[in-house]
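Peer 1:
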Amino acid sequence: MAWFLIPGLLTRSFHIGTVTGIGIALILIVYGIWGKWINKLFRMIWQKTAGKLLLCFIGAVAAAVLGLAVACMICMGNGRQSPPEEGSTVVVLGCRVYNYGPSLMLVARLEEAYDYLQRNPDSACIVCGGKGDNEPREESAVMKDYLVAMGIDPVRIYTDSTSMDTMENLTNAAEIIRENSLNERCAIVTSDYHVYRALKYAGKLGYKDAGGVPSYTLWWLFPSSYIREMYGIMELWFINR
Numbered sequence: 015m016a017w018f019l020i021p022g023l024l025t026r027s028f029h030i031g032t033v034t035g036i037g038i039a040l041i042l043i044v045y046g047i048w049g050k051w052i053n054k055l056f057r058m059i060w061q062k063t064a065g066k067l068l069l070c071f072i073g074a075v076a077a078a079v080l081g082l083a084v085a086c087m088i089c090m091g092n093g094r095q096s097p098p099e100e101g102s103t104v105v106v107l108g109c110r111v112y113n114y115g116p117s118l119m120l121v122a123r124l125e126e127a128y129d130y131l132q133r134n135p136d137s138a139c140i141v142c143g144g145k146g147d148n149e150p151r152e153e154s155a156v157m158k159d160y161l162v163a164m165g166i167d168p169v170r171i172y173t174d175s176t177s178m179d180t181m182e183n184l185t186n187a188a189e190i191i192r193e194n195s196l197n198e199r200c201a202i203v204t205s206d207y208h209v210y211r212a213l214k215y216a217g218k219l220g221y222k223d224a225g226g227v228p229s230y231t232l233w234w235l236f237p238s239s240y241i242r243e244m245y246g247i248m249e250l251w252f253i254n255r
């Protein structure tokens, strides 16, 4: 419970991953307290034919959900193994910003982008992200300021200040690449768990030779972020195919 509740309180963000984790924790707590009576209830239900069918159905659903979760985790791991070519255009996907600056997760992305840009002085960079209702400034503006403060020439940095999600990030970045005749090979910088879905969207949008640059995820944000990404991957598989 603490592993989901505390990050939600600290970041003031109770997204679907956080809520799901809290829900699972509550179920385990309830079972831990009243497990004896719950087991007795299950035995009573199992004695009836309809009860057997119900419990088998619930078990099948639980197994399917667990299978999907495992598949998502495997895809998230495989997505990190798609490094970009050197000299590619760097596309940094947006993330939450606060009054004091970029979130820790966004800082991790920006540090990876900085390292790549330092190794590849001819590469341009596109920072993506508009201003959410709970943010003081556009994510892209904060990201550009951070990279410039680290020593990256502002001439190398292009901004997408209107996008609100991953698909819009990549759509607008593709337009910036076309308008400015930038290198079509792209290094997409995002959190490690997010690389798989980002590259899949890039493929749908016609990106050429796109590779992923994964940034680390802090251990205390790991469970909620990964669960939220599972929902995103399932949306990709079953809705935005």
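For what it's worth, the numbering used here labels the leading residue of the sequence shown as 15, then goes sequentially.
Ideal Cβ positions, reconstructed from N, Cα and C, are used throughout, including at glycine.
Taking the alpha-carbon of E125 as reference, which of I30, L19, W234, V227 has the nearest alpha-carbon?
Peer 2: E125 has its Cα closest to that of V227, out of I30, L19, W234, V227.
Peer 1: Is the beta carbon of C142 closer than 8 Å to that of V84?
Peer 2: For V84 and C142, no; Cβs fall outside 8 Å.
Peer 1: If I follow the unbroken alpha helix (DSSP H) through V162, where does it start and stop?
Peer 2: Its alpha helix (DSSP H) spans residues 153 to 163.
Peer 1: Could you check whether G225 and S102 sit closer than 8 Å to each other, using their CB atoms as the reference points?
Peer 2: Taking 8 Å as the Cβ cut-off, S102 and G225 qualify as a contacting pair.
Peer 1: Quick test of your reading: I241 and G93, contact by CB under 8 Å. State the CB separation rounded to the nearest angstrom.
Peer 2: Between G93 and I241 the Cβ distance is about 16 Å, and since that is not below 8 Å, they are no contact.
Peer 1: Quick one: measure Cβ to Cβ for D174 and I140, integer angstroms, because I've assumed they're closer than 8 Å.
Peer 2: Indeed they touch by this definition, with Cβ atoms about 6 Å apart.
Peer 1: Looking only at its own chain, which residues have a Cβ that is under 8 Å from the Cβ of N194, when we skip the five neighbours before and after it?
Peer 2: Cβ neighbours of N194 beyond the five flanking positions: A138, Y172.
Peer 1: Is it right to say L42 is buried, meaning 16 or more other beta carbons lie within 10 angstroms of its own, or is it exposed?
Peer 2: Result: exposed.
Peer 1: Taking the Cβ atom as the reference point for each residue, do G217 and T176 lie within a distance shorter than 8 Å?
Peer 2: No, Cβ-Cβ distance for G217 and T176 is not below 8 Å.
Peer 1: Mapping the DSSP letters down to three states, classify D290 as helix, strand or coil.
Peer 2: This structure gives no information on residue 290, because the portion of the chain shown stretches from 15 to 255.
Peer 1: With which residues is K222 paired in a DSSP beta bridge?
Peer 2: According to DSSP, which records beta bridges pairwise, K222 is partnered with R199.
Peer 1: Pick helix, strand or coil for I140, following the three-state DSSP scheme.
Peer 2: Correct three-state label for I140: strand.
Peer 1: Do V104 and I127 have their beta-carbon atoms positioned less than 8 Å apart in this structure?
Peer 2: Just to set this straight, residue 127 is Ala in the shown sequence, not Ile. Yes, Cβ-Cβ distance for A127 and V104 is below 8 Å.
Peer 1: Helix, strand or coil: which one does DSSP assign to G115?
Peer 2: Three-state DSSP puts G115 in a strand.
Peer 1: Can you confirm whether A76, when its beta carbon is compared against all beta carbons of chain B, has any partner nearer than 8 Å?
Peer 2: Among the protein chains of the structure shown there is no chain B, as only one such chain exists.
Peer 1: Do Y245 and M90 have their beta-carbon atoms positioned less than 8 Å apart in this structure?
Peer 2: For M90 and Y245, no; Cβs fall outside 8 Å.
Peer 1: Closest to R170 by C-alpha separation, out of N134, R192, T204, would be which residue?
Peer 2: Among N134, R192, T204, the Cα nearest to that of R170 is on N134.
Peer 1: If you draw a straight line from the C-alpha of A197 to the C-alpha of E189, how long is it?
Peer 2: In the sequence as presented, Ala is not what sits at residue 197; that position holds Asn. For N197 and E189, the distance between alpha carbons rounds to 12 Å.
Peer 1: Have a look at Q132 and G35 and give me their C-alpha separation to the nearest angstrom.
Peer 2: One C-alpha to the other measures close to 38 Å.
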